[in-house]
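Q: I am attaching a structure below and will ask some questions about it afterwards.
2 protein chains.
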Amino acid sequence: MGGDHGPAVVVPGIARVAELIDLVGVRYLLHGDRAQIAPVLERCPAISGMVEVRHTEATVAPDAKPAHAMRRGAGTSMWNAVESVRSGEARAAVSAGNTGALMAIGRLLLRMIGELERPALVANWPTARGVCAVLDVGANIVCDAERLVEFALLGAIYHRAVHRRGAPTIGLLNVGAETQKGHEDVRGADRMLRELGFGLDYRGFIEGDDIAKGVVDVVVTDGFTGNISLKSVEGFARFFRSELRAVLENGLLPKIGAFIARGALVRMAARLDPSLVNGGPFLGLNGIVVKSHGGADARGYAAAVRLAIELARSDFAAEIEAELSRFATLSRGAQSQDRRSIA
Amino acid sequence: MGGDHGPAVVVPGIARVAELIDLVGVRYLLHGDRAQIAPVLERCPAISGMVEVRHTEATVAPDAKPAHAMRRGAGTSMWNAVESVRSGEARAAVSAGNTGALMAIGRLLLRMIGELERPALVANWPTARGVCAVLDVGANIVCDAERLVEFALLGAIYHRAVHRRGAPTIGLLNVGAETQKGHEDVRGADRMLRELGFGLDYRGFIEGDDIAKGVVDVVVTDGFTGNISLKSVEGFARFFRSELRAVLENGLLPKIGAFIARGALVRMAARLDPSLVNGGPFLGLNGIVVKSHGGADARGYAAAVRLAIELARSDFAAEIEAELSRFATLSRGAQSQDRRSIA
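First to last, the protein sequences are chains A and B.
One rule links them: number in our numbering = place in the first sequence (from 1) + 69.
One rule links them: number in our numbering = place in the second sequence (from 1) + 69.
Dropping the structure here:
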């Protein structure tokens, strides 16, 4: 029921995924208002056999505070979707609804892995070399050095699970490449990553413009900076596309030129369309929860569903648990050494 | 001597500015190595009468630490340029060199206005509605609520001086629009701006994608977030342009289409070229110092020089001083009231 469009996007999104040959056999539970879902489902008869509607009229409001969603959320469509993961009935949950509420309900019902405090929200972003994972993009507003190191570990495991290739490269977002740059937390995380290693391919500080260059596979930052810088890029990308369109529709020559080159222009728009890389998982929960952009269209929602399926088919949950306990041991060791060297 | 290209960009940059009818009569002091400057000047005979070279071979290294530049910088080209503003010989200084060093030398030689601690660095960014001013974009890594409020005041005065129109709108960059969103400092600044007003047209929190929409004239944020989000956008803009070029050069139809529409495409590239809005002043110094992008070309450098001239011709320095003392009185009043209400 979530996002700007509700079932009008969720159902056609699933229909797109169901057309993909390697994703046949996946089944879907749709939590929400049957009266709103049924008419959309009727227009997608191909998926009627794979879909089961779990009726509820209650929903989480888009502007509900997370604490309120936790206390009063039981029985809402969002709650029931996450609950179906907890009970083992579903392998993953996808929602385009209220991000803060989804995270809060996820934490409450699924609990965090190990000693993690809060999940990290990942964004997948198109770059000159493919796609990179940026985290956190909004779940953790204030992050100390240890949180940033956890993000590096979570991001590396996530990237391996989704892209199925070894040791991704990691960069820590900062205002400059030199070790003295930035604030205390980012410098502390840099030191820990350099000294303890954690088996990561850590490349040090990167700057904002390095993200689009694709210099690393995983970009680590706090949720405040990550959220704002990626939304800034989204806003600019939308502006750039609308300027391009305006310029090509203004005058006869541009119109003719755009008509002749339209295939290429459509391909480019597709390549740079953030909705194609829609879908950000919350990392660190005991279970898979993927957040879709609230404004995503059916194609974007399909991308989020595909991502959830990829993650459900990988063993990244078990890997996260193993890596994090290794990290806890390593950083406890480093802390007790610190104390000794001070004494 | 600063930036990636030194005199090779500075001299032709000035030549571009000198062609503009309303900027005739401006004179330039070029601080740097005569042996490097003279050959470039020979190729721009039109400006030889407006330019005076002040020879020095010493420069500030691009990677020099600010503290080092302050202790050892005397006699470098950057130092001499700022010193010429301090002595009153020049009305403004422009440099494409080391940002941290320029700020440190600016603070040391020119000193801050009133009780300000550090200058704020402004970026001018193209938006769907024109250009907005974003500050701080890197001079102040950690900012408390009062610093953010100072940025709002400085940004408003700057915008009025450059665009010559009344009360600019102000937005505070955050991860959401609701008052409970974000960290303590940004919420504190929001409260102060709402309650004390300061005569500003404050519009509350804005999100990253609101920057490109142009919803406000002045975007306020801390230097860490500002630097990273704007560099992220620059990186993406470069990526977008290179993708567009690649797509239009790949295949016969796109090539023909691009050739026919080339006028429109060149106009768009120009409109979205960050170098056209190059030039960020340090606000809060007793004197005008404008930082050009290190990688700017002659056109970009010309934009920074024009901005410096605009500021020198406005009375924004005096206005900053008056507004800041008003702010100090207001916020001291508010603090003592706070103390009373606690007692």
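Even for Gly, the Cβ is constructed at its ideal location relative to N, Cα and C.
Taking all protein chains shown into account, decide if Ala412(B) is buried (16 or more other Cβ within 10 angstroms of its Cβ) or exposed.
A: For the purposes of this step, residue 412(B) is taken as the residue at position 343 of the second sequence. Bear in mind that the predicted position of Ala412(B) carries a pLDDT of just 39, short of 50, making it unreliable; the figure below should be weighed with that in mind. Exposure of Ala412(B) is indicated by the presence of fewer than 16 other C-beta atoms within 10 angstroms of its C-beta.
Q: I'd like the ranges of any beta strand (DSSP E) spanning at least 3 consecutive residues and lying wholly in the region 339 to 376 of chain A.
A: Those beta strand (DSSP E) runs which fall completely within the region 339 to 376 of chain A and span 3+ residues are 349 to 352, 357 to 360.
Q: Output needed for Ile106(B): all residues of its chain with C-beta closer than 6 Å, excluding positions within five of it in sequence on either side, in chain order.
A: Stepping through the second sequence from its first residue, residue 106(B) is reached at position 37. Excluding sequence neighbours, Ile106(B) sits near Pro76, Leu99, Val122.
Q: For the alpha helix (DSSP H) that contains Ser164(B), what are its first and last residues?
A: The residue you call residue 164(B) lines up with position 95 of the second sequence. Per DSSP, Ser164(B) belongs to no alpha helix (DSSP H); it is in the beta strand (DSSP E), 161 to 164.
Q: Kindly indicate which three-state DSSP category Gly283(A) falls into: helix, strand or coil?
A: For this step, residue 283(A) is matched to residue 214 along the first sequence. If DSSP states are grouped into helix, strand and coil, Gly283(A) belongs with coil.
Q: Does any residue of chain A bring its CB to less than 7 Å from the CB of Phe305(B)?
A: Locating residue 305(B) in the second sequence gives position 236, where the first residue counts as 1. For Phe305(B), the answer is yes, since a Cβ of chain A falls inside 7 Å of its Cβ.
Q: According to DSSP, simplified to helix, strand and coil, what is Thr248(B)?
A: As a first step, residue 248(B) is located in the second sequence; it is residue number 179 there, counting from the start. Thr248(B): coil per DSSP, three-state reduction.
Q: Would you check if the distance between the CB atom of Glu292(B) and the CB atom of Ile210(B) is smaller than 7 Å?
A: The residue given as residue 292(B) occupies position 223 in the second sequence. The residue given as residue 210(B) occupies position 141 in the second sequence. First, the residue type needs correcting, since residue 292(B) is Gly and not Glu in the sequence shown. By the CB criterion at 7 Å, Gly292(B) and Ile210(B) fall inside the cutoff.
Q: Going by the CB atoms, is the gap between Gly101(B) and Ser164(B) shorter than 7 Å?
A: For the purposes of this step, residue 164(B) is taken as residue 95 along the second sequence, with counting starting at 1. For the purposes of this step, residue 101(B) is taken as residue 32 along the second sequence, with counting starting at 1. Their beta carbons are not under 7 Å apart, which means Ser164(B) does not touch Gly101(B) by this criterion.
Q: Using a Cβ-Cβ cut-off of less than 9 Å, list which residues of the region 319 to 337 of chain B approach chain A; keep chain order.
A: Asn319, Gly320, Leu322, Pro323, Lys324, Ile325, Gly326, Ala327, Phe328, Ile329, Ala330, Arg331, Gly332, Ala333, Leu334, Arg336, Met337
Q: Let me confirm a value: Ser410(B) is counted as buried when at least 16 other C-beta atoms fall within 10 Å, else exposed. Which label applies?
A: Counting from 1 along the second sequence, the entry for residue 410(B) is found at position 341. Interpretation of Ser410(B) is limited by its pLDDT of 47, a score under 50 that renders its predicted location unreliable; the figure taken from the coordinates is listed afterwards. It is exposed - the Cβ of Ser410(B) has fewer than 16 other Cβ atoms within 10 Å.
Q: Determine, for Ser164(B), whether the minimum Cβ-Cβ distance to residues of chain A falls below 7 Å.
A: Counting from 1 along the second sequence, the entry for residue 164(B) is found at position 95. Ser164(B) does not count as touching chain A.
Q: Apply the 10 Å Cβ neighbour rule to Ile297(B) and answer buried if 16 or more other Cβ atoms are within range, or exposed otherwise.
A: One-based indexing of the second sequence puts residue 297(B) at position 228. So Ile297(B) counts as buried.
Q: Distance, Cα to Cα, Ile378(B) vs Ala84(B)?
A: In the second sequence, residue 378(B) corresponds to position 309, counting from 1. In the second sequence, residue 84(B) corresponds to position 15, counting from 1. If you take the alpha carbons of Ile378(B) and Ala84(B), they lie about 14 Å apart.
Q: Helix, strand or coil for Thr196(A) per DSSP?
A: By 1-based counting over the first sequence, the position of residue 196(A) is 127. In the structure shown, Thr196(A) falls within a strand segment according to DSSP collapsed to helix, strand and coil.
Q: Would Ile329(A) and Val287(A) qualify as a contact pair, given that the criterion is a beta-carbon distance under 7 Å?
A: Position 260 of the first sequence, counting from 1, holds the residue named residue 329(A). Position 218 of the first sequence, counting from 1, holds the residue named residue 287(A). Contact flag unset, no.
Q: Could you check what DSSP says for Ser410(A) in three-state terms: helix, strand or coil?
A: Locating residue 410(A) in the first sequence gives position 341, counting from the first residue. Confidence in Ser410(A) is poor, its pLDDT being 47 and thus under 50, which makes the residue's placement unreliable; the coordinate value appears in the next sentence. Of the three classes helix, strand and coil, the one that applies to Ser410(A) here is helix, per DSSP.
Q: Roughly how many angstroms separate the alpha carbons of Glu303(A) and Cys113(A), rounded to a whole number?
A: Here residue 303(A) corresponds to residue number 234 of the first sequence, with the count starting at 1. Here residue 113(A) corresponds to residue number 44 of the first sequence, with the count starting at 1. Going by the C-alpha atoms only, they are around 31 Å apart.
Q: Hey, does Ala197(A) have any beta-carbon neighbour from chain B nearer than 7 Å?
A: As a position in the first sequence, residue 197(A) is number 128, starting the count at 1. Chain B, which has a Cβ nearer than 7 Å to the Cβ of Ala197(A), makes this yes.
Q: If we cut at 7 Å on Cβ distances, does Ile239(A) have a partner in chain B?
A: What you label residue 239(A) is simply residue 170 of the first sequence in a count that begins at 1. No, Ile239(A) lies away from the interface with chain B (no Cβ there is under 7 Å from its Cβ).
Q: Pick from Glu126(A), Arg176(A), Ala104(A): whose alpha carbon is nearest that of Ala136(A)?
A: Taking the first sequence and counting its residues from 1, one reaches residue 136(A) at position 67. Ranking Glu126(A), Arg176(A), Ala104(A) by Cα distance to Ala136(A) puts Arg176(A) first.
Q: Give the residues from the region 219 to 248 of chain B that approach chain A closer than 9 Å (Cβ to any Cβ), ordered along the chain.
A: Leu242, Asn243, Val244, Gly245, Glu247
Q: Have a look at Ala397(B), Met172(B), His124(B), Arg96(B) and flag the residue whose alpha-carbon is nearest the alpha-carbon of Val359(B).
A: In the second sequence, residue 359(B) corresponds to position 290, counting from 1. It is Met172(B).
Q: Below 6 Å CB to CB, which residues in the same chain sit around Gly207(A) once its five sequence neighbours on both sides are set aside?
A: If you number the first sequence from 1, residue 207(A) lands on position 138. Closer than 6 Å at the Cβ level, and outside the excluded window around Gly207(A), lie Leu190, Gly292, Asn296.
Q: On the criterion of 16 or more Cβ atoms from any shown chain inside 10 Å, does Asp180(B) qualify as buried, or is it exposed?
A: Walking along the second sequence from the start, residue 180(B) turns up at place 111. The residue you asked about is not Asp; residue 180(B) is Arg in the sequence shown. Using a 10 angstroms sphere on the CB of Arg180(B), the tally of other CB atoms stays under 16, which defines it as exposed.
Q: Counting only beta-carbon atoms, is His434(A) nearer than 7 Å to chain B?
A: Outside the displayed span of chain A (70 to 412) sits residue 434(A), for which this structure offers no information.
Q: Do you know offhand how far Gly245(A)'s Cα is from Gly251(A)'s?
A: Stepping through the first sequence from its first residue, residue 245(A) is reached at position 176. Stepping through the first sequence from its first residue, residue 251(A) is reached at position 182. So the alpha carbons of these two residues sit roughly 7 Å apart.
Q: What is the DSSP secondary structure of Gly277(B), counted as helix, strand or coil?
A: The residue labelled residue 277(B) in the question sits at position 208 within the second sequence. Three-state DSSP puts Gly277(B) in a helix.
Q: Taking a cut of 7 Å between CB atoms, which residues from the region 177 to 192 of chain A lie near chain B?
A: none
Q: Could you tell me whether any Cβ in chain A is nearer than 7 Å to the Cβ of Pro76(B)?
A: Along the second sequence, read from residue 1 onward, the residue named residue 76(B) stands at position 7. Cβ-Cβ to chain A under 7 Å: no for Pro76(B).
Q: Given Arg96(A), which residues of its chain have a CB within under 7 Å of its CB, disregarding the five upstream and five downstream residues?
A: As a position in the first sequence, residue 96(A) is number 27, starting the count at 1. Met119.
Q: So, does the region 209 to 225 of chain B touch the region 263 to 270 of chain B, judging by three or more C-beta pairs under 8 Å?
A: yes
Q: Kindly identify the DSSP beta-bridge partner or partners of Tyr271(B).
A: Here the question's residue 271(B) lines up with position 202 in the second sequence. Per DSSP, Ile239(B).
Q: Considering just the uninterrupted stretch of the beta strand (DSSP E) at Val35(B), what are its terminal residues?
A: Residue 35(B) is absent from the structure shown; chain B starts at 70 and stops at 412.
Q: Using a beta-carbon distance below 7 Å, is Asp73(B) in contact with chain A?
A: Position 4 of the second sequence holds residue 73(B). With 7 Å as the cut-off, Asp73(B) does not count as an interface residue toward chain A.
Q: Does the distance from the C-beta atom of Gly157(B) to that of Val374(B) stay below 7 Å?
A: Along the second sequence, one-based indexing puts residue 157(B) at 88. Along the second sequence, one-based indexing puts residue 374(B) at 305. Contact flag unset, no.
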